[in-house]
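Take a look at the structure below.
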DNA sequence: ACTGTTAATGCGAACGTTCGCACGAACGTT
DNA sequence: AACGTTCGTGCGAACGTTCGCATTAACAGT
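Residue numbers (my numbering), protein chains in the order written: chain A, 1 to 358; chain B, 1001 to 1358.
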């Protein structure tokens, strides 16, 4: 590990004071052309780079952003994590920042302690939050401390902070309208518990699309539970056991895992997914397109969200004075239509799939 | 954003010099009991925390570890990323370190530049690498610069650096032996190109298990290509088109995506997966257990790998003097047996699955 | 009472930057 | 020739720590 080159060494070599070197490098002053040339040459030859720590100490800024997220259970991977992280790294790097990632603690006390530690020791200049919920303790804490942050997701409407969210309602409206267009009228929904902010946003789209089509969803059609495979399977069995006249012929699911469970339950009950019973998921999990049948799902513009979150935060950090009023930026997801929601016959989508692969 | 509390303010409040406060906090000197009490009280009251940047500048260490990884294509998510990152964050936090994550650039020049930037500016004390290959440019660069790092994965045997790898050969041996135990003799392999170091390690397990059973694998059985769904599908069609006497009745796949493609091809060809043709994957992708039939796969001890990598690196950083000779630590994966490789009849595993879900 | 030892604390310097101000030289203006 | 301006450069200080050494006070041993 070669010893570091400092400003003083560059200065010595180019025959000026080290402060002058600093100013030339940062373009803060005009110097004689040959002085500048000597300095730049020395910088090249010695391969000088300013020590980030010293610069931070002086500037009282760390040029670092903190990010932590709730890990997904091992059987239910987060399909957007990789893309989301990379998009933030890229956006940050372009403006000279890096992301510091730190562990997620589930106990509130311990969690807040992590954030406090990083801000009090001045390791980070701001935070990115994700998965915020109603009365999120991190949001309350950071607002109280007046520490800069942005969030992926909304919280209580009265809490004002810069955030970006996917318009989940729009996504579910797309899915519901698509199923309606396939001729379905009795459409069920596999949803999350009522405390879920994200879940409620998405369900609004389902309700509004149904009502716009003149259909009032029955209470029996709304199944709420943990968003997992097992719940999707069980809930769908219940739905299929309803009397013929109110038995759903399609279902929208708030995530892909529930949808996969639903597909399995439908197949086990002897129905055909797509041609008989339509199913849509949410998230467009990587495996969704490889399922049998391929799953229709809602895809979020993840890369763009990451980029815009970082831009938002850095503008906040670098703004001198302005105190803004912040609104949530809503981004529109996209419906990826595959065979699980289309009323084409089974042979049809199989050959299509085969053709694409050959 | 409340202004920071410094050592001097604590000193003022407790009536000693700020240097003494520093020493007491770091436990470097013995002081009179009441002095210590006054200092600790002031620390409490003012909620003092040492400025990390100043400490780093003085210590010439950043207490930060850099990590970057090749992003997975959006249709083929990395199933272990979340767990791997969290395990490293936790291990690092316990010893007062954090992880700085930075973008992955595919052009070698640009990529090395990222590493150089972080080490030259002293932003990180060391790196974690993953997915290293033969003659990995990052490895060569860091070795040449004598900059501390550890790696997840092996490179050329003559390059010595601390690393941990999964014994992929062992994993494939387990899978192959399991298929042999189910009565299969003609077992094919869906593999990566010959340049793949990881692929070759895994294939050794296949070859050794086959030969130990007295079977010399036919060249036709080894299909090499990109580890994706489409390749798995195509390669399996070719395998199934072989003449009856050498047509494989089972196949091991070097990852789950190829295995999913293989399953589809087998089903399209009218065979039953599991009871007729056995399939195993690798990685235990989260969705593997929800497929039809559930996929037998090889699971890596990801959490432990992350923890041990960090421990290895921190020991390296904090070791005063010792120059060690480093060997690769091999960790053993685990075979998760599901219906895709078992010769039970179809009804059998369906009811088993249903029972678990109810 | 004087010295030697130990315990408790203070002081100055350093880590590598950036920033504001001052200083001298060169230049054009009256 | 004297005077303001501009240009190019240097100097001292500061950011908040930690570290080694110096200093003082207290105390025991002769």
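A virtual CB, placed ideally from N, CA and C, is assigned to each residue, including glycine.
Owing to the predicted nature of the structure, the values given are computational and were not obtained by experimental measurement.
Query: Contact with chain B by residue 293/A, beta-carbon distance below 7 Å; Result: no
Query: Interface flag, residue 1260/B vs chain A, CB-CB below 7 Å; Result: yes
Query: Closer than 7 Å at the beta carbon, the chain A residues around residue 1316/B; Result: What residue 1316/B touches in chain A: nothing, since even the nearest Cβ is about 11 Å away.
Query: Alpha carbon of residue 248/A to alpha carbon of residue 167/A, nearest angstrom; Result: 26 Å
Query: Segments of 4+ residues assigned as alpha helix (DSSP H) that fall wholly inside the region 1155-1207 of chain B; Result: 1168-1181
Query: Whether residue 227/A touches residue 201/A by CB criterion (7 Å); Result: no
Query: Per DSSP, cross-strand counterpart(s) of residue 5/A; Result: Residue 5/A is not bridged to any residue.
Query: Within 9 Å of chain B by C-beta, residues of the region 151-168 of chain A in sequence order; Result: none
Query: Near-chain B residues of the region 235-264 of chain A - C-beta to any C-beta below 9 Å; Result: 237, 256, 257, 260, 261, 263 and 264
Query: Chain-order list of residues whose beta-carbon lies under 6 Å from that of residue 1039/B (same chain, five-residue window excluded); Result: 1014, 1021 and 1024
Query: CB of residue 1171/B within 7 Å of CB of residue 1298/B, strictly; Result: yes
Query: Within chain A, the residues that residue 1200/B reaches when beta carbons sit closer than 9 Å; Result: None at all; the shortest Cβ gap to chain A is about 26 Å.
Query: C-alpha gap between residue 312/A and residue 162/A, whole angstroms; Result: 7 Å
Query: Enclosing beta strand (DSSP E) for residue 87/A [first to last residue]; Result: Not the beta strand (DSSP E): residue 87/A falls in the alpha helix (DSSP H), residues 81-94.
Query: Contact set between residue 120/A and chain B, taken where Cβ atoms lie within less than 8 Å; Result: 1004, 1047 and 1049
Query: Meets three-Cβ-pair contact criterion under 8 Å: the region 334-344 of chain A and the region 117-134 of chain A; Result: no
Query: Below-7 Å beta-carbon distance, residue 1351/B vs any chain A residue; Result: Bear in mind that the predicted position of residue 1351/B carries a pLDDT of just 33, short of 50, making it unreliable; the figure below should be weighed with that in mind. No, residue 1351/B lies away from the interface with chain A (no Cβ there is under 7 Å from its Cβ).
Query: Whole-number beta carbon distance between residue 115/A and residue 64/A, since they are thought to touch under 8 Å; Result: No, residue 64/A and residue 115/A are not in contact; Cβ-Cβ is about 14 Å, not under 8 Å.
Query: Delimiting residues of the alpha helix (DSSP H) encompassing residue 106/A; Result: Looking at the DSSP string, residue 106/A is not in any alpha helix (DSSP H), and its letter there is neither H nor E.
Query: Residue 1285/B: contacting residues in chain A (beta-carbon distance under 9 Å); Result: 77, 286 and 287
Query: Chain B contacts from the region 54-87 of chain A (Cβ-Cβ distance under 7 Å); Result: 54, 56, 57, 62, 71, 72, 74, 75, 76, 77, 78, 79, 81, 82, 83, 85 and 86
Query: Backbone secondary structure at residue 1128/B - three-state DSSP; Result: strand
Query: Same chain, Cβ closer than 7 Å to residue 303/A, neighbours up to 5 away in sequence not counted; Result: 83 and 87
Query: Cut-off 8 Å between Cβ atoms - residues of its own chain near residue 233/A, not counting five sequence neighbours on either side; Result: 261, 262, 264 and 265
Query: Alpha carbon of residue 77/A to alpha carbon of residue 218/A, nearest angstrom; Result: 32 Å
Query: Top-ranked residue by Cα proximity to residue 1164/B, from 1005/B, 1301/B and 1336/B; Result: 1301/B
Query: Helix, strand or coil at residue 1339/B [DSSP, three-state]; Result: helix
Query: Residues near residue 136/A in its chain [Cβ-Cβ closer than 6 Å; skip 5 each side]; Result: 155
Query: Within the region 1042-1079 of chain B, ranges of the beta strand (DSSP E) (whole runs, at least 3 residues); Result: 1064-1067
Query: Anticipated Cβ contact below 8 Å, residue 278/A with residue 340/A, distance rounded; Result: 7 Å
Query: Every unbroken beta strand (DSSP E) inside the region 263-302 of chain A [3 residues or more]; Result: 278-280 and 297-299
Query: Partners in chain B for residue 229/A, counting only beta-carbon separations shorter than 7 Å; Result: 1290
Query: Residues of the region 1120-1134 of chain B with Cβ closer than 7 Å to any Cβ of chain A, in chain order; Result: 1120, 1121, 1122 and 1123
Query: Cβ neighbour criterion (16 or more within 10 Å) applied to residue 1056/B; Result: buried
Query: Exposure label - residue 1257/B; buried when at least 16 CB within 10 Å; Result: buried
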